[in-house]
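Visitor: Chains as they are written, first to last, in this note's numbering: chain A, 1 to 399; chain B, 1001 to 1399.
Number of protein chains: 2
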Amino acid sequence: MRMKTTKVLNMVIAQSGGPSMVINQSLVGAVLAARGSRKIGRILGARHGIQGILDGDYIDLRKPTAAKLEAIAATPSSALGSVRKKPTADDCRRIFEAFKKRSVGYFFYIGGNDSADAARIVAEEAEKEGYPLVCYHIPKTIDNDLRSCDHTPGYGSAARFVASAIKGDDLDNRALGGVKIDVIMGRDAGFLTAAAALARQNKNDGPHLIYLPERPFELAQFTEDVKAVVAKLGRCVVAVSEGIRSADGTPVAAQFANGERDSHGNLQLSGTGALGDALAKYLKANAGISRVRADTFGYLQRSFPGIASKSDATEARKAGAAAVKAALAGKVTKGTIGIQRKKGKTYAVTFETMPIASAAKETRSVPDNFIAANGHDVTKAFIAYAAPLVGTLPHCEIF
Amino acid sequence: MRMKTTKVLNMVIAQSGGPSMVINQSLVGAVLAARGSRKIGRILGARHGIQGILDGDYIDLRKPTAAKLEAIAATPSSALGSVRKKPTADDCRRIFEAFKKRSVGYFFYIGGNDSADAARIVAEEAEKEGYPLVCYHIPKTIDNDLRSCDHTPGYGSAARFVASAIKGDDLDNRALGGVKIDVIMGRDAGFLTAAAALARQNKNDGPHLIYLPERPFELAQFTEDVKAVVAKLGRCVVAVSEGIRSADGTPVAAQFANGERDSHGNLQLSGTGALGDALAKYLKANAGISRVRADTFGYLQRSFPGIASKSDATEARKAGAAAVKAALAGKVTKGTIGIQRKKGKTYAVTFETMPIASAAKETRSVPDNFIAANGHDVTKAFIAYAAPLVGTLPHCEIF
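(1) Considering just the uninterrupted stretch of the alpha helix (DSSP H) at proline 388 of chain A, what are its terminal residues?
(2) Could you tell me the distance, in whole angstroms, from the CA atom of isoleucine 1040 of chain B to the CA atom of asparagine 1010 of chain B?
(3) Return the chain-ordered ranges of every alpha helix (DSSP H) run that is complete within the stretch 50-112 of chain A and spans a minimum of 4 residues.
(4) Leaving aside the five residues before and after valine 1028 of chain B along the sequence, list all residues of the same chain whose C-beta is less than 8 Å from its C-beta, in chain order.
(5) Flag valine 1083 of chain B as yes if its beta-carbon sits less than 9 Å from any beta-carbon of chain A, otherwise no.
(6) When the Cα atoms are used, what is the spatial distance from lysine 281 of chain A to proline 1213 of chain B?
(7) Going along the stretch 160-194 of chain A in order, which residues come within less than 7 Å of chain B, judged by CB to CB distance?
(8) With a threshold of 9 Å between beta carbons, is proline 1087 of chain B in contact with chain A?
(9) Is there contact between the stretch 183-201 of chain A and the stretch 349-357 of chain A, where contact requires at least three CB pairs shorter than 8 Å?
(10) Let me check one thing: in DSSP terms, what residues is alanine 1294 of chain B bridge-paired to?
(11) Can you list, in chain order, the residues of its chain with a C-beta nearer than 6 Å to that of cysteine 149 of chain A? Leave out the 5 residues immediately preceding and following it.
(12) Measure the C-alpha to C-alpha separation of alanine 228 of chain A and glycine 234 of chain A and round it to an integer number of angstroms.
(13) Since aspartate 1131 of chain B and histidine 1376 of chain B are thought to touch, with beta carbons under 8 Å apart, how far apart are those beta carbons, to the nearest angstrom?
(14) Quick one: residues in its chain with C-beta nearer than 6 Å to the C-beta of alanine 1126 of chain B, no 5 flanking neighbours on either side, listed in chain order?
(15) Do the stretch 1172-1183 of chain B and the stretch 1354-1373 of chain B touch if we need at least three Cβ pairs shorter than 8 Å?
(16) Measuring only the C-alpha atoms, how far is serine 309 of chain A from isoleucine 398 of chain A?
(17) Could you tell me the alpha carbon to alpha carbon distance between valine 324 of chain A and serine 1157 of chain B, rounded to whole angstroms?
(18) To the nearest angstrom, report how far apart proline 1087 of chain B and alanine 1313 of chain B are at their CA atoms.
(19) Is aspartate 1143 of chain B buried or exposed, if buried means 16 or more other CB atoms sit within 10 Å of its CB?
(20) Decide yes or no for the touch test of the stretch 13-20 of chain A against the stretch 37-53 of chain A: beta carbon pairs closer than 8 Å, at least 3 of them.
(21) If contacts are defined as beta-carbon pairs under 8 Å, then arginine 1062 of chain B and alanine 1189 of chain B qualify, I think. What distance do you get, rounded to the angstrom?
(22) Where does alanine 239 of chain A sit, in a helix, a strand or coil, going by DSSP?
(23) Do leucine 1275 of chain B and threonine 1296 of chain B have their C-beta atoms within less than 9 Å of each other?
(24) Under the three-state reduction of DSSP, which class applies to valine 1134 of chain B: helix, strand or coil?
(25) Ends of the alpha helix (DSSP H) at lysine 334 of chain A?
(26) Using a beta-carbon distance below 9 Å, is phenylalanine 1108 of chain B in contact with chain A?
(27) With DSSP as the reference, label glycine 168 of chain A as helix, strand or coil.
(28) By the criterion of Cβ-Cβ separation under 7 Å, what are the contact partners of proline 394 of chain A in chain B?
(29) If you draw a straight line from the alpha carbon of glycine 1391 of chain B to that of alanine 1163 of chain B, how long is it in whole angstroms?
(30) In whole angstroms, give me the CA-to-CA distance for glutamate 1124 of chain B and threonine 1333 of chain B.
(31) Which one or two residues does DSSP pair with phenylalanine 351 of chain A in a beta bridge?
(32) Please go through the same chain and pick out, in chain order, the residues whose beta-carbon is closer than 8 Å to the beta-carbon of methionine 1354 of chain B, but skip the five residues on each side of it.
(33) Please list the segments of the beta strand (DSSP E) lying wholly inside the stretch 191-230 of chain A, counting only runs of 3 or more residues, in order along the chain.
(34) Anyone know if the C-beta pair for threonine 65 of chain A and histidine 1395 of chain B falls short of 9 Å?
(35) Return helix, strand or coil for alanine 118 of chain A, following the three-state DSSP convention.
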């Protein structure tokens, strides 16, 4: 009787781009799936994405106990560390040398569209160089803008933070009046800003105006919109994307931001209150409203502990496991995991293997049927889309 | 047998100043205590503090069901609406006319030091004018700066938000490095900023630097402090109070803020990202650090739903009830409720009647024994003081 031999290869996994509340769920999902297979030998976590591979900086992911991994999974931010780095052909050659030295046959990269592009480059360079590598991208982005997914892991939890924050802030605005502007993350896609609408529970609840990057933003129209709400309700809560832009495509924040760009060419929009302050100053000067305040939700949107959406956490875990299973199945040597929503009344999703390129570079925008005709609100279709991703929010009662 | 007659008078209750996550607990605590007494007839909630009394804008607080009141109690922000208004002698005369018309003998005002001062003015003017009024202030402020209290209702929950936010943000900073500056509420007192220290769980956890208004802030020293942390850890998380000031007492924010002041003469510090942005810009230019980000936590600190501290919620409820009980006892016709911590190993508090003036005007600062000798951290004594007010934070795990 012949024994069936299994070729054992080692695996590297890493995290890239902006952290999220559930990116560690994907990491742990992948690690646990890998631990369950005899095809995988060492499970190495590279610190700070591909930078860790270039630096030889790894964590042995076979060592942590199951309890430790569960605690990591429940912790926000990227436990392996992250990086924003587009690999060059030379970087790739150095990566394959490092992989060869360590007998690495499986590579998993968790991140958004830039990270998917990095994984695509690594996979394509591996083919060119003749390095045998099974390479999978695992989706993650609070921006919800991957073309390969109905929605992305990380979005539901960030949206839950935004909707909760707006809900509380709207109550605050009810108490003291005036205009409140809340600036929400989302460079090109308005999905996260749109989620502010989930805060509404009672009549006249805010946000009263929602501005997405998908519609041109003009200060004059904005001023008229705010004045109309104030005339009706005596107050106004505005949810505005950090990525709003003029009709000619120029980001409104561009004139206020410090001009810093990352290696993918993206302008820094977060980590500054400039846009909100500029809008507040403009309104005070031009709308005749004395009390105008602006908050920029900033990094808390992606890193606040203890409030992750349950369905988001579950799906992030499954997406990580799905990538390892697909890699081990051996049919497709490079791919990304697409998350698709099943048709039907009950919310459910499937996980599919798709080409990495479908998640890379070009992003998805909020579709037209999710944006109200007036250009400053969302539709019921969006609410129906987003509600199951966010879960039930804390109930708030008013007199 | 003679029947004992009870003089029935009506009651007005209102909320004033900045909202908090538990100010409605105090409202509901007072209303439920009032409902349990035969001495009180109508229970009127004035909308937007004393403005509602001047406008005759009331809610009948005998109407809501117990379930409705419980839901109100669990809701952040001031359910009756709030106001920032210092009553004049003329306002007071109009208030007493309104009270007389409605047979109001009891007045309760929930708020911070400015609201206590408003209650003090109303109480003193009532004596001058010969209007028989039992007048109580119920403490509330996220700033934790009332001289009459070991700690104030609202502080524990805001501190819980701050500590949670810093905990997540520190993990975010671990992942991507650089310097992160978080600007925290607290005009004159650094208690809320100090609570950032509760985020620390593991070695080298942030916040690495904590700047309070109680110690002079100098940009040169700040730059040296940050550079030293970055040299050691490759990153740095800074918690800084919005109220930090130079050695000569000038608020650092004063040169960046818009100069707006309320009727108590307070400069607007919140609802703008100017201070954080200015500090980040300064560090980039002067510390040779490329990645510097700033977030201003803003109004979320006082209004985020679903994360209130349990002990804070319980104490806020009891403070409201204590004020009504003290008012009904009849011994003291004007007062505030002081919350004092019992001595002993187990955390417990008492509620005492104190003169309103002890909560009004001059505020309390973070005491010297809570501030580290280096001027940019807190002591173990502060941690021991604040931990039971905030409760256990979500556990976060790192590799």
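Note that the Cβ used here is the ideal one computed from N, Cα and C, for glycine as well.
These numbers come from a predicted model, not from an experiment.
Guide: Here's the rundown:
(1) 380-390
(2) 5 Å
(3) 50-55, 66-73 and 89-101
(4) Leu1069, Glu1070, Ile1072, Ala1073, Arg1317 and Gly1320
(5) yes
(6) 26 Å
(7) Ser164, Ala165, Lys167, Gly168, Asp169, Leu171, Asp172, Arg174, Ala175 and Leu176
(8) no
(9) no
(10) B:Ile1181
(11) Pro139, Gly338 and Ile339
(12) 10 Å
(13) Before going on, a small fix: residue 1131 of chain B reads as tyrosine here, not aspartate. With a Cβ gap of about 51 Å, tyrosine 1131 of chain B and histidine 1376 of chain B do not count as contacting.
(14) Leu1133
(15) no
(16) 25 Å
(17) 42 Å
(18) 29 Å
(19) buried
(20) yes
(21) That pair is no contact at about 37 Å.
(22) strand
(23) yes
(24) strand
(25) That residue, lysine 334 of chain A, is in no alpha helix (DSSP H); its beta strand (DSSP E) goes 334-341.
(26) no
(27) helix
(28) Pro1305 and Gly1306
(29) 10 Å
(30) 11 Å
(31) A:Ile339
(32) Ser1148, Gly1335, Thr1336, Ile1337 and Gly1338
(33) 209-211
(34) no
(35) helix
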